[in-house]
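Okay, so here's the structure we're looking at.
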Amino acid sequence: MLEEEILNCTKCKLHTYRRRAVPGEGNRNSILVFIGEAPGEKEDEQGRPFVGPAGRLLTELIESTGYRREDFYITNIVKCRPPGNRDPEDDEISACLPYLVKQLELIKPKIVVCLGRHSARTIFKLAGLKWTCMSVQHGKIYSARLFNFNVKIIPTYHPAAALYNPQLKSSLEEDFKKSIKLVLGEVLGARSVKKTLLDFSSEKKSFLLK
149 MLEEEILNCT
159 KCKLHTYRRR
169 AVPGEGNRNS
179 ILVFIGEAPG
189 EKEDEQGRPF
199 VGPAGRLLTE
209 LIESTGYRRE
219 DFYITNIVKC
229 RPPGNRDPED
239 DEISACLPYL
249 VKQLELIKPK
259 IVVCLGRHSA
269 RTIFKLAGLK
279 WTCMSVQHGK
289 IYSARLFNFN
299 VKIIPTYHPA
309 AALYNPQLKS
319 SLEEDFKKSI
329 KLVLGEVLGA
339 RSVKKTLLDF
349 SSEKKSFLLK
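Note that this note's numbering has the sequence shown beginning at 149, numbered continuously upward.
Structure representation (structure tokens):
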């Protein structure tokens with residue numbers, strides 16, 4: 149299955165550095181998928197996405213919108229940690245991209261939030277959208293056709309970058325409280341958050357990533 153493929157992947161040089169590949173986690177019937185860039189040290193140790201300081205900030209940001217982390221699915225463009233937490237290279241992104249494509253085709257989210265420029269650049273290319281830079285495009289809502297489904301795409305800063313730059317953190321918080329919360333409200337409608345999420349999950353076909 150897909151998760152086993154990711155865990156045993158040797159398609160690029162990153163497999164020689166990793167402790168564990170990090171496929172992703174969360175609600176596999178989610179209407180929203182968060183896509184980061186690559187696992188860090190803590191993620192590499194635990195095999196889970198966003199569990200270090202950046203993960204704690206992401207959880208806080210999600211909760212600030214009135215939702216819970218477990219309501220959504222969280223993954224990365226690259227599933228193995230680059231050495232020294234460097235940026236993922238183009239050949240590594242290309243090698244890992246088929247896994248992300250399969251995840252998105254299975255989940256068919258209505259909203260994709262791109263965390264960081266590498267995530268945004270990759271998803272925009274898949275959706276046929278023009279990407280320039282995060283400082284110009286963060287927090288904006290893009291309607292697109294991704295594979296065989298319609299989706300809203302929202303790029304924003306990576307939580308790790310926001311930890312080191314108070315100005316970026318402020319922008320990230322604003323993107324969550326305005327753009328992301330707004331689109332979630334539009335998709336889910338006026339019903340209560342928990343009831344709507346449960347209804348939506350029950351209506352979708354379940355699938356196995358492992």
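All residues carry an ideal CB built from backbone N, CA and C; glycine is no exception.
The structure displayed is predicted, hence computed values, not measured ones.
Going by the beta-carbon positions, is the gap between residue 307 and residue 220 smaller than 9 Å?
no
Give every residue of the same chain whose Cβ lies closer than 7 Å to the Cβ of residue 236, excluding the five residues on either side of it in the sequence, and list them in chain order.
185, 186, 225, 226, 230, 266
Cβ-based neighbour list, residue 188, same chain, cut-off 6 Å, excluding 5 preceding and 5 following:
200, 233
Residue ranges of each alpha helix (DSSP H) within the stretch 286-328, 4 or longer
307-312, 314-323
Opening and closing residue of the beta strand (DSSP E) in which residue 184 lies:
180-184
I need the DSSP call for residue 336, collapsed to helix, strand or coil.
helix
How long is the line joining the alpha carbons of residue 260 and residue 149, rounded to whole angstroms?
23 Å
Measuring alpha carbon to alpha carbon, tell me which of 322, 172, 210, 203 ends up nearest residue 286.
322
Spatial distance of residue 292 from residue 281 (CA atoms):
18 Å
Can you tell me the Cβ-Cβ gap for residue 178 and residue 303, rounded? I've got them flagged as a contact below 8 Å.
That belief does not hold up - the Cβ atoms of residue 178 and residue 303 are roughly 18 Å apart, past 8 Å.
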